[in-house]
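Reading through the structure tokens given below for one structure.
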Amino acid sequence: MNPQAKLIFTTSLLLGTTITISSNHWILAWPGLEINTLAILPLISKSHHPRAVEAATKYFLVQAAASALVLFSSMTNAWHTGQWDITQLTHPTSCLILTSALAIKLGLVPFHFWFPEVLQGSPLTTGLLLSTAMKFPPITLLFMTSQSLNSTLLTTMAIMSTALGGWMGLNQTQTRKILAFSSISHLGWMAIIITYSPKLALLNFYLYTLMTAAVFLTMNSMKVLKLSTLMTSWTKSPALSTTLLLTLLSLAGLPPLTGFLPKWLIIQELTKQEMPLMATMISLLSLLSLFFYLRLAYCSTITLPPHTTNHMKRWHVHKPVNTQIAILTTLSIMLLPISPIILTIM
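Taking UniProt numbering, the leading residue of the sequence shown gets 1, the next gets one more, and so forth.
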């Protein structure tokens, strides 16, 4: 892709996100979402492969429908209450429509079908944007309207997302699809807590972004798109494979890694809200995700690849250390000891 075009699209992404997260009025937030959608489409379809074009088309149709619902819910609220302020969303029907619209934008179950397909058709760097940056504006809108959202609906969608995200990721062989189901599962943890502790949901999102960025950039550096390639990656870059193992275990939420912090705090908050059943269910369902993270981790550190792979053994090359990956991986692994400081900031 032309560097000037890439610069325009990246700037548009930043502009769209900034407009949405800094606006108080629905008519300002909505164009921000639209700019975001239009700016990411060329980045998805830049390879001109039929799968990439299909992914871009699916993404456009789903996001356009969700944006229309966002506009419809805000107009319904303005019609009944005379309020265009985002934080003043009080009409029950508007709240219900908005929850559904943002669930479609995020890819929460039962509106998750588009997300794995779109991620599978995109390059790894665009996949990283779709899994992190593109979810930031809808999460911000959920944060701003959290006091008026339907908590029963969000809890139901959260439990379903954690269950399906773990369940459907079990038999995948493509790394991008596995990361898509991982994203759906993590969104479940954010959705269950957003009405009770919005700041905690945001903290979960930030840490999830950190860990997912580390995984995507590592896989991009190793050129890994499926498990069979991952199995032969140890000979090429043992250090990266080791750090990938730790980052994946952190995404799974195992102590003493960073990923354990949001899960621990969410379970604690749910228990305080007298929801021990939901806390138990979401904890048990996250074991499904743990299984495919462990499978990925096993594949990334297998030192002698099985003889059934169709890939040739790779040369061990001394590549310079990527600073971005080094910083992100360190943060993805070692933030748990400083959790008191993080909680004070929050």
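Note that beta-carbon positions come from the ideal geometry of N, C-alpha and C, so glycine has one too. Only a predicted model underlies this, so the values are computations on that prediction, with no experimental measurement involved.
Closest to residue i by C-alpha separation, out of the options, would be which residue?
i    : options                  : result
F9   : T81, L124, L41 and T18   : L41
S45  : H91, S286, T126 and L14  : T126
T173 : K226, A103, S233 and H49 : K226
F216 : R176, T195 and M231      : R176
A180 : E117, Q88, T329 and M334 : E117
I345 : H91, A78, L200 and I104  : L200
T93  : W79, I104 and L15        : W79
G121 : T155, T156 and V53       : V53
L240 : N2, P3, T323 and K272    : T323
A163 : S332, L288 and S148      : L288
M278 : M160, T235, L89 and I342 : M160
L141 : A66, A29 and T57         : A29
T20  : E34, T11 and M334        : E34
T57  : L106, H91 and L119       : L119
T229 : T271, T242 and I302      : I302
T18  : P3, A133 and R295        : A133
I267 : N204, L328 and T242      : N204
Can you give the Cα-Cα distance for residue i and residue j, rounded to whole angstroms?
i           : j    : result
P255        : I193 : 21 Å
residue 347 : G188 : The first residue shown for the chain is 1 and the last is 346, placing residue 347 beyond what the model contains.
A214        : Y293 : 14 Å
I282        : L249 : 18 Å
K223        : G166 : 25 Å
H25         : A326 : 40 Å
L265        : Y206 : 14 Å
Y208        : P31  : 26 Å
L202        : Y298 : 30 Å
S221        : L124 : 10 Å
L154        : A103 : 9 Å
M275        : P138 : 26 Å
L331        : L210 : 7 Å
E269        : L246 : 27 Å
Q63         : S185 : 20 Å
A191        : G107 : 11 Å
S67         : S237 : 43 Å
I338        : T212 : 20 Å
T156        : A55  : 28 Å
I333        : T242 : 12 Å
For residue i, report the span of its alpha helix (DSSP H) as first-last.
i    : result
N77  : P50 to T81
W189 : T175 to I193
M219 : P198 to M222
L341 : In the sequence under discussion, the amino acid at residue 341 is Ile, which differs from the Leu named in the question. S339 to I345 is the span of the alpha helix (DSSP H), which, as asked, contains I341.
Q268 : F260 to K272
F292 : P276 to S300
A133 : Where A133 is concerned, there is no enclosing alpha helix (DSSP H), given that its DSSP letter is neither H nor E.
I159 : S151 to M168
CB-CB under 6 Å to residue i, same chain, minus the five flanking residues each way: which ones, in chain order?
i    : result
L244 : T218 and S300
S183 : S131
A252 : L290 and Y293
T87  : M144
Counting only the same chain and skipping the five closest in sequence on each side, list residues whose C-beta sits under 8 Å from that of residue i.
i    : result
L336 : P255, P256, L257, T258, F260 and L261
L129 : L13, I40 and L43
K263 : W189, G253, S283 and S286
F60  : T37 and L41
S23  : A29, G32 and I86
Would you say residue i reaches chain D, if we count a Cβ-Cβ gap shorter than 7 Å as a contact?
i    : result
M334 : Annotation note: the requested chain D is absent from the structure, which comprises a single protein chain.
Ignore the nearest five residues each way along the sequence and tell me which others in residue i's own chain have a CB closer than 7 Å to its CB.
i    : result
S146 : I194, T195 and P198
L89  : N77, C95, L98, T145 and S148
F72  : I97
M168 : F181
I27  : W84
I178 : G169, Q172, F292 and L296
K135 : L106
Q273 : Y196
Do the segment 42 to 61 and the segment 86 to 105 make contact, defined as three or more Cβ pairs closer than 8 Å? Verdict: no, contact absent.
With a cut-off of 8 Å, do at least 3 Cβ pairs link the segment 104 to 117 to the segment 75 to 91? Three or more Cβ pairs closer than 8 Å define a contact, and the segment 104 to 117 falls short of that threshold against the segment 75 to 91.
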